[in-house]
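4 protein chains.
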Amino acid sequence: MPIDERSAEEIAQARSRSATTLRPTVPALEARLHQPTPCLDHGFVRLVDYMGDDAAVVQAARVSYGAGTRKLREDRGLIRYLMRHRHTTPFEMCELKLHVKLPIFVARQWIRHRTASVNEISGRYSVLDTEFYTPAAQDLAVQSASNRQGRGAELSPEQAQQVLAILQHEAAGAHASYAQLMERFDLARELARINLTLSTYTQWYWKIDLHNLLHFLALRLHPHAQREFRVYSQAIAEIVAAWVPTTWEAFEDYRLGAHTVSRQEVQVIKAALAGQPVDQPSSGLSKREWAELMRTFGLEQGDPE
Amino acid sequence: MPIDERSAEEIAQARSRSATTLRPTVPALEARLHQPTPCLDHGFVRLVDYMGDDAAVVQAARVSYGAGTRKLREDRGLIRYLMRHRHTTPFEMCELKLHVKLPIFVARQWIRHRTASVNEISGRYSVLDTEFYTPAAQDLAVQSASNRQGRGAELSPEQAQQVLAILQHEAAGAHASYAQLMERFDLARELARINLTLSTYTQWYWKIDLHNLLHFLALRLHPHAQREFRVYSQAIAEIVAAWVPTTWEAFEDYRLGAHTVSRQEVQVIKAALAGQPVDQPSSGLSKREWAELMRTFGLEQGDPE
Amino acid sequence: MPIDERSAEEIAQARSRSATTLRPTVPALEARLHQPTPCLDHGFVRLVDYMGDDAAVVQAARVSYGAGTRKLREDRGLIRYLMRHRHTTPFEMCELKLHVKLPIFVARQWIRHRTASVNEISGRYSVLDTEFYTPAAQDLAVQSASNRQGRGAELSPEQAQQVLAILQHEAAGAHASYAQLMERFDLARELARINLTLSTYTQWYWKIDLHNLLHFLALRLHPHAQREFRVYSQAIAEIVAAWVPTTWEAFEDYRLGAHTVSRQEVQVIKAALAGQPVDQPSSGLSKREWAELMRTFGLEQGDPE
Amino acid sequence: MPIDERSAEEIAQARSRSATTLRPTVPALEARLHQPTPCLDHGFVRLVDYMGDDAAVVQAARVSYGAGTRKLREDRGLIRYLMRHRHTTPFEMCELKLHVKLPIFVARQWIRHRTASVNEISGRYSVLDTEFYTPAAQDLAVQSASNRQGRGAELSPEQAQQVLAILQHEAAGAHASYAQLMERFDLARELARINLTLSTYTQWYWKIDLHNLLHFLALRLHPHAQREFRVYSQAIAEIVAAWVPTTWEAFEDYRLGAHTVSRQEVQVIKAALAGQPVDQPSSGLSKREWAELMRTFGLEQGDPE
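Chains as they are written, first to last, in our numbering: chain A, 10 to 314; chain B, 10 to 314; chain C, 10 to 314; chain D, 10 to 314.
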């Protein structure tokens, strides 16, 4: 249960304060405002504020007075054109603000995206909640053999239980020591916290424009992103799809579902389409690139890795 | 008259579309939304959208669920503390979007502020309006003798008229040639525009967060900023003062009205307060620094420049 | 002749001051240091300083003590992997500093790249050189019919001469007025300059990291970039190719020569490779996208635009 | 001993590879290149590369061909002028690259400075060294009563020993579990690491320009910065003072040793200098601000906090 009683009350209060505005407003997002989407065992993503909509992208691209053309077909065409040709600045004209609760090891990857604004709870200033992330048994897996930064097969149920016991014992111990160091020795908070684990939950406000958010999602929805991070990316992706549906559709077509073909790969496809034989050794591609190309385009002839 | 009929109609339309929202809303800004404030002879600043308010700064600084403490005295204290100690990130949590029409020579200075999002009308893609800035007679002045980047005394009325005649003749000629090159020779727009003058008006959408906006204003409200730029800064300052009044008050006290005293100047003030004699030669200050210190603190003894 | 005598002497002096360093050093760049490459009729690009080399990219990617593995084959593989998978941060570890003289209309596009450091000569502080860009006759062209932001067929020689006469007359007049306003009326420089043309040359120091520089080049080497800008991009591209040859090769293969295929286009290619008939109406592609796909992959069957 | 044998060898090798360059070169930095400065119990700061010097700041500010004026007095005056008036862009023309080994809780604060380039060792990709920070006994202190984010009096020697025992036991246990999870269960590295402590050492390459570095140092040399962070800031400050001595002197005078006086405080000082009585209640200052003003300027009369 990520949200305690007092917070629940404050959220209810925030949802009760409505106002009239002349700003672009998206009903589908209003329905989500202030409500947390649970992520992992104690975390959440919570929409706090937003600015702009699909029409705001169009308006800026046209530097016009009006709010898009109001001819929906034209606006969609323009947004798709902008996305396809990576005219990125009009997408900077929309902004999203989230309140996120997440384990520190996820936060450490997240913060690498520099084009965002962040206010994080401070372990020097406040006593941190001693909540920590414990993976579900089915998420425990061995080191991947093929992908140096990923995981492979699931652990057996017995092994998973042993691993969970170790993880929980260790984290619970660290959090007990944290409390003890402050209570028994009055140790300064900035020192007491240094042995908290990377699985400890932290919280922040995070604000980012739509262009940089889409870049963030392109990287963090990727199957190679750590699973625990993807849980958050997917929660955010749902918000974005509801917020700017035309932009999201273009993003799926031209970014998420797109494939960049290298100079050499273009030649392989051209040859294949012209009915010429193609194979890895003569292609100039590495075995890994060749395999990826075959997979993407359903070319099964040639030299498998 | 900066706004033509069609634009006026679109603005009226935008102001007629109200919606209900659960987002932080500032009535004083709603009253200004979409309305242009005239600047110079053909320019304007027009509020297009905003995100957040004073309480949003507090909320992020506290990483809390609620919307500020609702105890106004405490919120004000926190905002002043943040401003005084340059804890800048909570001020990034508010965002402003403007539509601006401005001469290119102002735009060239403005664009140097990199932490903003911009969509400018393109002279490659569109035929530009041939409107250009002509200073008012009383704004024409000679080169300042003391300030290498400023202006000094006003021109005499006769000289001002002669200068205006030259400026207008030159700019009108350039704009006539621009039209002629496209109409008579069908010259590509990207070439026809290269002889337009720096006084030509351009337009853009400009979006920036409150922290970076305050930094922009601190520089561009300064008496050393070019007068034509200050007209825009002042129009924006009025919007900000209406939007986040507590933040604006703190900004006036701790930034606009503040004075940074150097290591050496601290020593001079300490000595003066202790009743010791102080003078420029023994102070370690340059004559220019000494004069500025005297002016700021009403110290008239000592060596005037 | 972009470089006057005094500057030539200073350049010669800079080239005469050598020192011993333990920093990564690239002989091919040392040969170019301080020397201007002429661009357009009065402009130039001049290498002022650089930091890092191909091995510095490898070193950062490995967070290692040494300077790359010194096994060239491995380093090349890593650099190509980083480029292919858009692991961009190691490329930020190299830095280039240029001195550029360029027309203001090019500078206005250039400055939109925000992730760089710039110091530009100030028209408020200094009297500007009155040099302006005049296109060569063969660069004058009509507005493109198919590309709203480009140029089409060349003007006839007679028309070109007429256009050049107008451009030169107009710019020369503007520059004569600029001088006159300051000499005859002592008008403040910040006012006298407002009628200078966008073809006037300006100068700046420009410093950028390799990642952002490659992004800049990808956009500004593109055939759709304005021809006058491409002259500068090409001059810079030559410097980069000499500086980090392995990175440049990867950039050509995975960015400049690459092609991004959308979700729908992947399906078209798959079908074509599987020997199924494909055509534009059933493809989900616009006519424009279809034509581009046909061109890129030499697929000439189907519906031409 | 932060540097192992293999690393020491690589450092020696890097220091043996000298080259001739026409770039600005600073002998005092050459002497420090590649050498680690120890920080805390296992960390270090190691200069890897640099670009520019004091003269490069001057050169950019003047947008000139030469390498500063070579009249040292004039260059110093210009650098001090730039620093005093916060003309920051010329300081962006110098760049520093460091290799740093630091505890994760320090890294988490450090990474908040967004205008830098970072490559950090990855706990998904590599097995991390199991080194962790243990404070020295005399650095253990109770929570400060007056400063919510600081530490107060030292612990007694007995208490310090007890606290150290807890810290070491906890961290050693976490690191033993980390190894065990990978060895015994082959658990994926990205999961095994989640219970490592915030005291665990990490490493990164960090590159930043001089302007942003000075801003970083102004914040992180401040007495309110966490002591463990200040150890690193001080090591970097020594490098900067050796690199750009004129800039550093100006930074000490106009930033580190300077004091910003608010609008109200200016009035208090003016009154005191004019011989008028001043006290806190009538000053418009809070008690905290009043006390700080008294301390800074040696004004002991008036209302102590």
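Glycine is no exception: its CB is placed at the ideal position from the N, C-alpha and C atoms. Note that the coordinates shown come from a computational prediction; the quantities given were computed from them, not determined experimentally.
Starting from Y210(D), follow its DSSP beta bridges and name the residues at the other end. Y210(D) pairs with P112(D).
Q) Does Q147(D) have its Cβ less than 7 Å from a Cβ in chain A? A) no
* Asked: Among L107(C), T124(C) and I248(C), which residue has its Cα nearest to the Cα of N221(C)?
  -> T124(C)
ask   = Going straight from the alpha carbon of R297(D) to that of I217(D), what length do you get?
value = 35 Å
Practice item. Using a Cβ cut-off of 7 Å (strictly closer), state whether P313(D) contacts chain B. Key: Note that P313(D) scores 38 on pLDDT, short of 50, meaning its location in the model is unreliable; the coordinates nonetheless yield the value given after this. Not one chain B Cβ lies under 7 Å of P313(D).
In this structure, how does DSSP classify G86(C) when only helix, strand and coil are distinguished?
G86(C): helix per DSSP, three-state reduction.
- Task: Please list the partners that I61(C) has in chain D, where partner means a Cβ-to-Cβ separation under 7 Å.
- Result: Looking at the sequence provided, one finds Gly at residue 61(C) rather than Ile. Chain D residues near G61(C): D58.
Original post:
Where does D62(A) land, buried or exposed, given buried means 16+ other C-beta within 10 angstroms?
Top reply: buried
* The alpha helix (DSSP H) spanning Q22(A) covers which residue range? -> It spans E14 to S25 - the alpha helix (DSSP H) in which Q22(A) sits, taken as one unbroken run.
- request: Would you verify that the beta carbon of S208(C) is, or is not, closer than 7 Å to some beta carbon of chain B?
  value: A Cβ of chain B is located within less than 7 Å of the beta carbon of S208(C).
Q. Under the three-state reduction of DSSP, which class applies to A28(D): helix, strand or coil?
A. Strand, per DSSP.
Measuring only the C-alpha atoms, how far is A283(D) from V275(D)? Distance between the alpha carbons of A283(D) and V275(D) is about 12 Å.
Quiz item: Does the beta carbon of D195(C) sit closer than 7 Å to a beta carbon anywhere in chain B?
Solution: yes
Q) Can you tell me the Cα-Cα spacing of I88(C) and I20(A), whole angstroms? A) 49 Å
Using a Cβ distance threshold of 8 Å, determine whether the segment 183-200 of chain B contacts the segment 85-103 of chain B, with at least three qualifying pairs required. no
Fill in: Cβ of E298(A) within 7 Å of any chain B Cβ
no
Output yes if chain D places a C-beta closer than 7 Å to the C-beta of L205(A); else output no.
yes
- Over what stretch of residues does the alpha helix (DSSP H) that includes P45(A) continue unbroken? No alpha helix (DSSP H) holds P45(A); the beta strand (DSSP E) holding it covers P45 to C48.
### Query
Since H184(A) contacts L205(A) with CB under 8 Å, what's their CB separation in whole angstroms?
So it is a contact: roughly 7 Å between Cβ atoms.
- Task: For T46(C), decide whether its Cβ has a neighbour in chain D, counting only Cβ atoms nearer than 7 Å.
- Result: no
Original post:
Given a limit of 8 Å on CB to CB distance, which residues of the segment 172-193 of chain D reach chain A?
Top reply: V172, I175, L176, E179, A180, G182, A183, S186, Q189, L190 and M191
Spatial distance of D312(D) from D288(D) (CA atoms): The predicted model places D312(D) with a pLDDT of 43, which falls under 50 and marks its position as unreliable; any figure quoted below should be read in that light. One C-alpha to the other measures close to 6 Å.
Item to complete: Establish whether the CB of V72(A) and some CB of chain B are separated by less than 7 Å.
Response: yes
(message) Once DSSP output is grouped into helix, strand and coil, what is the label at T256(C)?
(response) helix
_DSSP three-state assignment for Y59(A), whether helix, strand or coil_ = When secondary structure is reduced to three states using DSSP, Y59(A) falls in the strand class.
| said: Within the continuous beta strand (DSSP E) that includes N128(B), where are the two ends? | reply: S126 to E129 is the extent of the beta strand (DSSP E) around N128(B).
| Do we get a CB-CB distance below 7 Å when we pair Y134(C) with the residues of chain B? | yes
Quiz prompt | Beta carbon of S208(C) nearer than 7 Å to that of I175(B) | solution = Between S208(C) and I175(B), the gap from beta carbon to beta carbon reaches 7 Å or more.
Over the uninterrupted beta strand (DSSP E) stretch that includes V270(B), give me the two end residues. H268 to V270
Using the Cβ count rule (16 or more neighbours within 10 Å means buried), how would you classify S126(D)?
buried
Step through the CB atoms of chain A and report whether any lies within less than 7 Å of the CB of K279(C). yes
How many Å lie between L149(D) and A169(D) at the Cα? 6 Å
When you compare the CB positions of A300(A) and V54(A), do they come within less than 7 Å of one another, or not? no
**Message:** Taking the straight line between their C-alpha atoms, what separation do you get for G52(C) and E261(D)?
**Reply:** 40 Å
Practice prompt. From the DSSP output, in three-state form, read off G182(D) for me.
Written response: helix
Check the Cβ of W213(A) against every Cβ in chain B and list those closer than 8 Å, keeping chain order.
V72
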